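Okay, so here's the structure we're looking at.
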Amino acid sequence: VGAWQQLMGLVLEQRFRWSEVAGELGITQAGLRALLAIDPNQPQSMRELAKALNCDPSYITAMIDDLEHAGLATRQASLSDRRVKTVVLTPRGAAALRTARDGLLAPPPQLAQLSRTQQQQLARLLQQGLNLSTDPEWP
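Residue numbers (the numbering used here): 30 to 168.
Written out as structure tokens, the structure is:
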């Protein structure tokens, strides 16, 4: 339990990074959330994005508006059904996605100071715990 509380504390301390990364990209945090959900290699419909983000389709419209305004994404008619709008990242949007991932997925200072061996050990322990939690035999 103590380890879980420490891990959650660390994760919650990192929430400020969302606003920093969003600000760096010139989008809202909601726009950042949408950016991270878009597959740069596969256009997705607005409805698919809403489902992936577990939010109302009308909210996705505002999120994609934010990305379009920043020049990071465009809406295009689906090739299979022109009534359906798909979201496609622009080249600038693909670069922004890499920047966002780098900014959000880089280890926080508390973990970056660990040696490479310690970081690998922590990753193995977390992976073991995650694998156990998906094991049907696990309580």
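Don't be surprised by glycine CBs; every beta carbon is placed ideally from N, CA and C.
Just so we're clear, the structure is a prediction, and the values are computed from it rather than from any experiment.
Inclusion of leucine 54 and alanine 125 in the CB contact set at 7 Å is warranted, their separation being smaller than that value. In the three-state scheme derived from DSSP, where H, G and I count as helix and E and B as strand, glutamine 105 is classed as strand. Taking valine 116 as the centre and dropping the five residues before and after it, the same chain places the C-beta of Ile67, Pro72, Gln73, Met75, Leu78, Ile93, Ala102 and Arg104 closer than 7 Å to its C-beta, in chain order. The continuous alpha helix (DSSP H) containing leucine 82 extends over residues 75-82. Residue range 114-118 is occupied by the beta strand (DSSP E) that includes threonine 115. With a threshold of 16 other beta carbon atoms within 10 Å, leucine 118 meets it and is buried. With contacts defined by Cβ atoms closer than 7 Å, aspartate 95 and glycine 60 form a contacting pair.
When the Cα atoms are used, alanine 141 and leucine 154 turn out to be separated by approximately 17 Å.
Here glycine 100 is exposed: its Cβ has fewer than 16 other Cβ atoms, across all protein chains shown, within 10 Å. Counted as a single uninterrupted DSSP element, the alpha helix (DSSP H) harbouring aspartate 94 occupies residues 86-98. Separation of alanine 91 and lysine 80 (C-alpha to C-alpha, rounded to the nearest whole angstrom) is 15 Å. Apart from sequence neighbours up to five positions away, the residues of its chain that approach arginine 130 with a beta-carbon distance below 8 Å are Leu65, ordered along the chain. Note on geometry: alpha-carbon atoms of glutamate 97 and threonine 57 lie some 12 Å from one another. Looking at Val50, Ser109 and Arg62, the one whose alpha-carbon comes closest to that of threonine 128 is Val50.
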